[in-house]
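*Asks:*
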Amino acid sequence: MKKITYFIVLPLLVLSSQLMAQTLNAEQQRVVRALLSPYGHCVSVESHAASRLVQGVSLALRENHTPDCWGGKGDPNTAPVFKRLEIDRFGRVFEEQAIDGTLKLLAPANDTVKVIDNIAAWSHPTKKVFADYGIQVLHLELVADKTLPFFTVADHALLTDESNNTRQQLFKRLLKANAQWDFVITTESGQQYVVEGKKRKVPDVSQLTIR
39 MKKITYFIVL PLLVLSSQLM AQTLNAEQQR VVRALLSPYG HCVSVESHAA SRLVQGVSLA
99 LRENHTPDCW GGKGDPNTAP VFKRLEIDRF GRVFEEQAID GTLKLLAPAN DTVKVIDNIA
159 AWSHPTKKVF ADYGIQVLHL ELVADKTLPF FTVADHALLT DESNNTRQQL FKRLLKANAQ
219 WDFVITTESG QQYVVEGKKR KVPDVSQLTI R
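Converting from the sequence shown to my numbering requires adding 38 to each position, the first position being numbered 1.
1. Let me check understanding here. Comparing Cα to Cα, which of Trp160, Glu124 and Val81 lies closest to Cys107?
2. Using only the alpha-carbon positions, how far apart do Asn203 and Asp193 sit?
3. Is Thr198 helix, strand or coil by DSSP?
4. For Thr104 and Glu65, I'd like the C-alpha separation in whole angstroms.
5. Within a Cβ cutoff of 7 Å, which residues of the same chain sit near Leu144, ignoring the five residues on either side of it in sequence?
6. I need the boundaries of the alpha helix (DSSP H) containing Leu213, first residue and last residue.
7. Please look up how many angstroms separate the CB atoms of Ala158 and Arg122, rounded, as I've assumed it's under 8 Å.
8. Can you name the residues that DSSP bridges to Lys165?
9. Between the Cα of Gln206 and the Cα atoms of Ser161, Val233, Phe189 and Ala169, which residue gives the shortest distance?
10. Using alpha carbons as the reference points, say which of Asp126, Lys152 and Arg127 lies closest to Gln135.
11. Given this structure, state the Cα-to-Cα distance separating Phe188 from Arg71, to the nearest angstrom.
12. Kindly indicate which residue of Gln67, Leu212, Leu141 and Gly235 has the alpha-carbon position closest to the one of Val175.
13. Starting from the Cα of Asp155, find the closest Cα among Leu74, Gln229 and Arg90 and give me that residue.
14. Kindly give me the distance between the Cβ atoms of Arg127 and Gly94, rounded to whole angstroms, as I take these residues to be in contact under 8 Å.
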């Protein structure tokens, strides 16, 4: 089993008043600029709830229809069109579906992120492993066709204390409970572990700052 421990320090980029409270990494900054630059003032960023993705950025794009927009065909009587987007730490863009609130990847790949906030109702063998070690799962994202779990957990000495050797035992049990598929753990304080199993699903981590 290969363990990668990394910490990400994210710079703050103010793109608009609605984004001032959000911190973007370099890839997210690039993606946001790319999303907004073709439209000028014809698209504005509205405030949106906090991202449901770990270290994600949440945006609500509003299409304005002033007469000088859309090739001079903008109609002020047209109702504004909103798109609610989320950008994950890797720069992937997901659009929130109005019908069921799921996030669908806006890319050729057919990927869907499933966000599980109701941990009490969630059932999986990994849940018992976390409980056995006294670790509280706060949030869960399933990416890569819902096969790669990103666990957000409460701070625990087992994960925050670098000298704690029991951590490897935890990872081995979680891999077994997850049928040897990869997984990612993030603590409340931002410490993260990418644990690779025999069945690879971990996305390219080359863009992450690994220490």
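Glycine residues also receive a C-beta, built at the ideal position from the N, C-alpha and C atoms.
These numbers come from a predicted model, not from an experiment.
*Replies:* Taking the geometry as given:
1. Val81
2. 16 Å
3. helix
4. 31 Å
5. Val131, Phe132 and Glu133
6. Thr204 to Ala215
7. Ala158 to Arg122, Cβ: 26 Å. No contact.
8. Looking at the DSSP assignment, Lys165 forms no beta bridge with any residue, so it has no partner.
9. Val233
10. Lys152
11. 27 Å
12. Leu212
13. Arg90
14. 7 Å
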